[in-house]
Every structure is written in C-alpha cells, then in structure tokens.
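Notes to accompany the following structure.
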Amino acid sequence: MTFEKRSAIGCTKTETFHALYPRAWIVYEEPDPALKIVCRQISPVIPHNYKESSYLISVFTFTLNNLGKTTVDVTLLFTWANSVGGQSEFTGHHFNSKIKRPDGVHGVLLHHKTANEQSPLTFAIAAEETEYVHISECPVFVISGSHKGISAKDMWHEVKQHGSFDHLNFIGTSVPSEPGSSIGAAIAATVTIPPNAQCNVTFSLAWDSPEVKFPGRRVYNRRYTKFYGTKGDATADIARDAIIGNLLF
0 MTFEKRSAIG
10 CTKTETFHAL
20 YPRAWIVYEE
30 PDPALKIVCR
40 QISPVIPHNY
50 KESSYLISVF
60 TFTLNNLGKT
70 TVDVTLLFTW
80 ANSVGGQSEF
90 TGHHFNSKIK
100 RPDGVHGVLL
110 HHKTANEQSP
120 LTFAIAAEET
130 EYVHISECPV
140 FVISGSHKGI
150 SAKDMWHEVK
160 QHGSFDHLNF
170 IGTSVPSEPG
180 SSIGAAIAAT
190 VTIPPNAQCN
200 VTFSLAWDSP
210 EVKFPGRRVY
220 NRRYTKFYGT
230 KGDATADIAR
240 DAIIGNLLF
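So that you can map any letter, position 43 of the sequence shown is 42 in numbering that gives the first Met the number 0, and since no number is skipped, the others follow by simple counting.
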C-alpha cells in the first residue's frame, strides 16, 4: 500500500508511505532537494520465532543522504507521551528517568501508573549514539496541565535553537506528575553529514507490562517475560536489545 500525504508549513513537503507488513517505510521529500531521508520501521513478526516476536518493540531506522556540495547538520526528534490513553493520563504520579548504557544506547524511561487496577507499565524511547551520531535527552516536558517544567513549545524551541538538548540541566529522574497534567519525553539525534555522504540513525520504542488481566481475576504473564522476567523493570534492556539486534529481525 502506497499513498502520498502533502502538508504545508511555510512550504510544501511530500511524504510517501509504503507498507509491507511487518515492515513499513516513509520517504520524506524535504524542502532541501539535496537532503533525502527515509525512515524504515519494523516490529518483529518472525515465522516460527517465539522469542523476538514476543518483544513489545518498534524500531525506526533513518537513512539520511546528503546529495549536496556542502556539509549539513541534521537533528531528528523522537517524542512520546507518558500515557496509555484514557483517564490514567491525567491521574498524576507518573515520572520519567534517563537511561545511558555503556554501549552507547541512550534514552528515557516513562513510568506510568495505570488506573482501574490495570497492570502498571513502563515505556522506553532510546537511540544509539555512535562516532557520528550524538544523542541528547529531554527527560520530561509538559504536554498539558500545571506540572512544573518546560512546555512542549519550550522543548521544541530548545532543539530549534541549539540542535540538541545539551543545554538543558535535568536531574536523572523527574518529579512525579501532578493530577490533571500530562507529561512526555523526547530524545534528539544530531548528525553532521559531509557532501555526498550517508548516515544512519536508529531509534527504538519499547514497553514492559508483564501481566495480562482477564475477567474473573485471571492474570497471565506475557511470553516475553520468559526472557526478561516478571518484575516490570526490563524496559531499558528491551529497548537496547531492539536497537542492537534489529538487523536480525
């Protein structure tokens, strides 16, 4: 399935979406004709594979081609709301925390307290820092409500002005959100691409919610817990493994 979506924010851009389940990719026609960006995304659905296919993940790999004659600086931004939809988004007491692995995987964990006795879960957004890709984090921004912190608009202006979140001064863990407010997190990948060169940037989205509840108080553990445990503390490991192992999917 292929379709084109056109939007205008000061200029016309064309995005072409292709779907070939479980893979999909988007070709971005940027206003700068010398910059070509393709995003390939996948969630593992592998025949006769009951390990990686059970992971709650999506992987997004951006390929950036600089076809021009001058060096370009590019920042890719990945944001996520600490929400599962419904009323729990605004019940408060959610919080986010930064993660940084020795192998270069950086990101943010979004710890969510669900409502109506549903199983708690944690999201992770992550990216791989390499010799050519710099990763920076905005652990929390305010989507709506009275929670103290920078707004989504402030977060965007930070990236627009500096090209990264390096100028933000955040502690490792945010304070819990206030009832009535909604919070999110963002990570930025910054690359410098020489003329006639190509660069790849990989992001992952993962979530850890070990239990599935059914009527009659029946509770089952999801299959991926055979490999990561049932404590609900494996989100960072899952996000890291998604990035490192996605070429095998």
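All C-beta atoms in this analysis are idealised placements derived from N, C-alpha and C, irrespective of residue type, glycine included.
Starting from the C-beta of residue i, find all residues in its chain whose C-beta is less than 6 Å away, skip the five residues before and the five after it, and write them out in chain order.
i	result
Phe-202	Phe-59, Phe-77, Ala-126
Gln-197	Asn-64
Gly-103	Glu-127, Glu-128
Leu-246	none
Phe-94	His-110, Ser-173, Pro-175
Tyr-223	Ser-53, Tyr-54
For a test of the three-state rule: what should DSSP assign to residue i, helix, strand or coil?
i	result
Ser-256	Only positions 0 to 248 of the chain appear in this structure, which leaves residue 256 out of reach.
Arg-39	strand
Ser-87	helix
Glu-157	helix
Glu-14	strand
Lys-112	coil
Lys-97	strand
Going by alpha carbons, who is nearest to residue i out of the options?
i	options	result
Asn-65	Ser-42, Ala-33, Thr-74	Ala-33
Val-83	Val-73, Thr-70, His-110, Leu-75	His-110
Pro-138	Val-26, His-166, Glu-116	His-166
Lys-147	Arg-216, Glu-210, Arg-22, His-92	His-92
Asn-195	Leu-55, Val-44, Gly-67	Gly-67
Asp-240	Met-154, Glu-130, Lys-50, Thr-90	Lys-50
Lys-225	Asp-102, Thr-129, Ser-52	Ser-52
Gly-231	Thr-129, Phe-122, Gly-244, Ile-36	Phe-122
Arg-100	Tyr-54, Thr-129, Thr-69, Glu-116	Thr-129
Tyr-54	Ile-237, Lys-212, Ile-242, Gly-179	Ile-237
Ile-242	Ile-36, Leu-19, Gln-40	Gln-40
Glu-88	Leu-19, Trp-155, Ser-176	Ser-176
Val-218	His-47, His-161, Glu-116, Met-154	Glu-116
Lys-212	Ile-36, Asn-48, Ser-118, Cys-38	Ser-118
Would you say residue i and residue j are within 8 Å of each other, going by their C-beta atoms?
i	j	result
Ser-208	Leu-120	yes
Phe-61	Val-200	yes
Ser-96	Gly-144	no
His-105	Ile-25	no
Val-158	Ala-151	no
Ala-233	Ile-98	no
Ile-149	Leu-204	no
Pro-178	Thr-69	no
Give every residue of the same chain whose Cβ lies closer than 7 Å to the Cβ of residue i, excluding the five residues on either side of it in the sequence, and list them in chain order.
i	result
Ala-42	One point to set straight first is that residue 42 is Ser, not Ala, in the sequence displayed. Pro-21, Ile-56, Ser-57, listed in sequence order.
Ser-163	Thr-74, His-133, Ser-135, Ala-187, Thr-189
Asn-220	Pro-209, Glu-210, Thr-229
Ala-80	Ile-142, Ser-181, Gly-183
Ile-36	Tyr-27, Glu-29, Phe-61, Leu-63
Leu-19	none
Excluding the 5 residues preceding and the 5 following residue i in the sequence, name in chain order all residues of the same chain whose CB lies nearer than 8 Å to its CB.
i	result
Arg-216	none
Val-71	Asp-31, Ala-33, Leu-34, Asn-65, Thr-191, Ile-192
Tyr-227	Asp-207, Ala-233, Asp-236, Ile-237
Tyr-131	Val-190, Thr-191, Cys-198
Ile-8	For Ile-8, the pLDDT reaches just 39, beneath the cut-off of 50, and the residue's location in the model is therefore unreliable, leaving the point undetermined.
Asn-168	none
Gly-156	Sequence check: residue 156 is His here, not Gly. Hits under 8 Å: none found.
Checklist entry - Taking the runs of the alpha helix (DSSP H) that are 4 residues or longer, which of them lie wholly in the region 189-247? => result Segments of the alpha helix (DSSP H) lying fully in the region 189-247: 224-227, 234-244.
Item to check | Start-end ranges of the beta strand (DSSP E) lying completely within the region 21-72, minimum 3 residues | outcome: With a minimum length of 3 residues, the continuous beta strand (DSSP E) runs that stay inside the region 21-72 are 22-28, 34-41, 56-65.
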